[in-house]
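Residue numbers (full-length UniProt numbering): 1 to 329.
Where a beta carbon is used, it is the ideal one built from N, C-alpha and C, also for glycine.
As the structure is a computational prediction, the values presented were derived from the model and not from experiment.
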Amino acid sequence: MCFLSKYFHLKDLHDIGFEGKRSAINRARRLRKVGNKIPPPFPNGWFSIIESNQIQPGTANNVNCLGENFVVFRSLKSKEVFVLDAYCPHMGANLGVGGMVDGDCIECPFHQWKFRGSDGACVNIPYSDSLSEIEKSARIKKWKSREVNGLIFVWHHAEGEEPWEIPVIHEIDNNEWVFHGKNEWSSGEENKHVASIAMTHSVKFWKYEFVKVNVTVKQVGPGYVLLFLQSSFGPLVALQTVTPVEPLVQRLSHYFYGPRYLAWFIKFSLICETINVARDVMVWNHKQYVSNPLIAKEEKPIKLFRNWFGQFYSENSKTFADSNNNLTW
């Protein structure tokens, strides 16, 4: 029966051997060696910031990632999700902590200033008639966002360019496939907008092939990967999201979807994948960034991937030094 229930495996930095104070000291030492060679911590692109089921109609959440503080809330009327800067321009209260949702607006918990989700404009100051005089200043940044495949994505771009569209998996969108489980990790290391690769894996017990899986991988920008798996038992998909939380700290999540009848196989796959990722994360959290790694000829794809990934940094991307001086993260 355990294979019929959803599987969750969530780990933070400390669960996987990341020691805060010691790591901060060691990281400072490493950065003296790396200098300005380390890539900017926040690439341009779409990033998953929260799961859809964590934002119910009429609720607001505070989310900190990408070097920013967001308030994410779902409208009581349209059920649409809005993402704004978290802090009220009046006295700096965090709208995601105690803020009240009123229709398509979010109300500050401190003095009840009300902001519209569609554009961040202040629409009401309950004790004053001076709104028209400060209307331009009383506006919060509204972030471009999308709700796709059970996740809320926010568009982050240092040059303000328009976003590309996020692929919709129709089997998830129309509820043909169901959510079977996830694993989530925090990693203390850095990592045209779609890259694709196909491969085949097999699982053997002794000399007998138990299952063969054909995998098609599509990377959509720097923070989203779709893994389409066609197994001997049926199809499934794994969604991988990588979200920079702060400089040198990222959140890595995997979400597994597939037909109900494949629950047992998907749980088995998820458990195996979790064990393998755990080993990698332990290494990631204790490695040093190497700007020009020594690679064997068989590892040429590593260099190709780094070159491909470089397109997501631009002239005004915050450097590590810029982000490190920002006390808000």
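If you check the CB distance, residue 95 and residue 88 come in under 8 Å. For residue 122, the enclosing beta strand (DSSP E) begins and ends at 122-124. Annotated as proximal: residue 225 and residue 217, with beta-carbon spacing under 8 Å.
Judged by beta-carbon spacing, residue 103 lies within the 8 Å limit of residue 76, meaning their Cβ atoms are closer than that value. Contact between residue 142 and residue 155 does not hold, since their C-beta atoms are separated by about 11 Å, which reaches or exceeds 8 Å.
Around the beta-carbon of residue 275, fewer than 16 other beta-carbon atoms lie within 10 Å, marking it exposed.
One alpha carbon belongs to residue 79, the other to residue 57, and they sit about 6 Å apart. Contact between residue 257 and residue 236 holds: their C-beta atoms lie close to 7 Å from each other, under 8 Å. Residue environment: residue 182 is assigned as buried (16 or more neighbouring CB atoms within 10 Å of its CB, all protein chains considered). Taking a 10 Å sphere around the C-beta of residue 310, we find fewer than 16 other C-beta atoms and assign the residue as exposed. For residue 45 against residue 221, the beta-carbon gap comes to about 3 Å, under 8 Å, which counts as contact.
Rounded to the nearest whole angstrom, the C-alpha separation of residue 85 and residue 116 is 12 Å.
For the pair of segments examined, the region 147-163 was found to touch the region 47-55: the number of CB pairs separated by less than 8 Å reaches three. Straight across, the Cα-Cα distance linking residue 55 with residue 159 is about 29 Å.
Residue 184 places its beta carbon less than 8 Å from that of residue 253.
When 219, 291, 260 and 284 are compared, the shortest CA-CA separation from residue 175 is found for 260. Secondary structure at residue 170: helix, using DSSP grouped into helix, strand and coil. Between the C-alpha atoms of residue 280 and residue 287 there is a straight-line separation of about 11 Å. Taking 8 Å as the cut-off, the Cβ atoms of residue 244 and residue 320 do not count as close.
Residue environment analysis places residue 107 among the buried positions, since at least 16 neighbouring C-beta atoms fall within 10 angstroms of its C-beta. Note on residue 60: 16 or more other CB atoms within 10 angstroms of its CB, so buried under the neighbour-count rule. Per DSSP, the beta-bridge partners of residue 46 are 155. Looking from the CA of residue 81, the closest CA among 120, 250, 168 and 37 belongs to 120. Between residue 262 and residue 234 a beta carbon distance of about 5 Å is seen, short of the 8 Å cut, so the two are scored as contacting. Secondary structure at residue 100: strand, using DSSP grouped into helix, strand and coil. In the three-state scheme derived from DSSP, where H, G and I count as helix and E and B as strand, residue 292 is classed as coil.
Nearest neighbour of residue 71 by Cα position, chosen from 172, 140 and 278, turns out to be 140. For the pair residue 42 and residue 317, the CB atoms are nearer than the 8 Å cut-off. Sorting 124, 90 and 69 by C-alpha distance to the C-alpha of residue 97 places 69 at the top. Taking the Cα of residue 125 as reference, the smallest distance to any Cα among 294, 178 and 90 is reached at 90.
In the DSSP secondary-structure assignment, residue 57 is bridged to 74.
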